[in-house]
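Engineer:
Residue numbers (this note's numbering): 3 to 350.
(1) Looking only at its chain, what residues have a beta carbon closer than 7 Å to the beta carbon of residue 117, apart from the 5 residues adjacent to it on each side?
(2) 9 Å is my cut-off, CB to CB: does residue 296 come that close to chain C?
(3) Specify, as a first and last residue, the run of the beta strand (DSSP E) that residue 127 falls within.
(4) Along the chain, where does the beta strand (DSSP E) that runs through residue 202 open and close?
(5) Are the CB atoms of residue 263 and residue 244 within a distance shorter than 9 Å?
(6) Excluding the 5 residues preceding and the 5 following residue 337 in the sequence, name in chain order all residues of the same chain whose CB lies nearer than 8 Å to its CB.
(7) Leaving out five residues before and five after residue 186 in sequence, what residues of the same chain have Cβ atoms less than 8 Å from its Cβ?
(8) Enumerate in chain order the residues of its own chain whose CB-to-CB distance from residue 45 is below 6 Å, with the five nearest sequence positions on each side excluded.
(9) Would you kindly report the start and end of the unbroken alpha helix (DSSP H) that includes residue 316?
(10) Would you call the region 128-139 in contact with the region 293-311, where contact means no fewer than 3 C-beta pairs closer than 8 Å?
(11) Mind checking which residues open and close the alpha helix (DSSP H) that includes residue 111?
(12) Using the rule of at least 16 other Cβ atoms within 10 Å of the residue's Cβ for burial, across every protein chain shown, is residue 135 buried or exposed?
(13) Please report the distance separating the alpha-carbon of residue 177 from that of residue 140.
(14) Taking only the alpha-carbon atoms, compute the straight-line gap between residue 18 and residue 89 and give it to the nearest angstrom.
(15) In the DSSP assignment, find the unbroken beta strand (DSSP E) run with residue 45 in it and report its ends.
(16) Do three or more CB pairs link the region 317-332 to the region 28-36 at distances below 8 Å?
(17) Between which two residues does the beta strand (DSSP E) holding residue 224 run?
(18) Less than 7 Å between C-beta atoms, sequence neighbours within five positions excluded: which residues of the same chain meet that for residue 191?
(19) Regarding residue 305 and the ligand FMN, is the C-beta to nearest heavy atom distance less than 8 Å?
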């Protein structure tokens, strides 16, 4: 299996240009940006609140789809051969270092202002970690998860010591809402964990499933129950989720149906995770060539990947990281016209 190479723009480390750049987030956008900047001679520092590189590639996607070892080897190549420095279990916060709860791995906090003081520029690649909600009664009951709440502990427990407890699935009745790849990953994980019964519910038909007809067909062949044109109404239960109430087009359209459940997983997508929503308005970021591409209203702070575009394909996130890194480099050189000359002198 070929090793991923995020520093593909250069065959060997270049001479240092004397500048330091920070990348916040080590998903595909962050790693590709780190590789580009390393090939441009920057001293690159990558910060991530998780204990390993990869972001959702590692902690949100099961290993049977993308082997975590490939991501780990790619990050190690950046560190060993190109001098990229990774700061794991470190969260970048606002200037007063106020952090959100739930960051189980975080051991250190660094403010954005400190990074800007130490580095020539900062590139934020924090991805799309905030799940969409069902917005129905009962979704806060114990036993109800988002896809990330369900999948993340399964991966995290294998990656590092953590207090995150994986969901107990064996013998349980699981309802998975959605039909994208995240929903498929949840259903496949439940099969591997020995769930008693798995039901997938989708608001459209199998022909509209984002994961594709084949993925749904394979799950059904393995015993997953499929219900389409379904609208969840509420989740009921006194102490935890016990029933999922829904309507289904073409099946007693005026009535509600009930599905007995032990676990409900809402796999209906994620939204961008802007770590500084008060300070950085993503809608103000240049995306069309006016101003420095992908730079925020704060000089020297750029964004890339899913945090800018919303959930996307891996290739699109990588391209966004490369474009932002190139824009960052151009902005720095515009402030210091002698940067290229100094670099050429170093080569001489």
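Glycine is no exception: its CB is placed at the ideal position from the N, C-alpha and C atoms.
Structural biologist: Let me lay it out:
(1) 24, 94 and 124
(2) Among the chains in the structure shown there is no chain C, since it carries only a single protein chain.
(3) First-last for residue 127: undefined, no H or E at that position.
(4) 199-203
(5) yes
(6) none
(7) 213, 217, 218 and 221
(8) 22
(9) 316-337
(10) yes
(11) It is not in any alpha helix (DSSP H) - residue 111 instead sits in the beta strand (DSSP E) that spans 110-113.
(12) exposed
(13) 14 Å
(14) 20 Å
(15) 45-49
(16) yes
(17) Here residue 224 belongs to no beta strand (DSSP E), and DSSP marks it neither H nor E.
(18) 64, 153 and 156
(19) This structure lacks the ligand FMN, and indeed carries no ligand of any kind.
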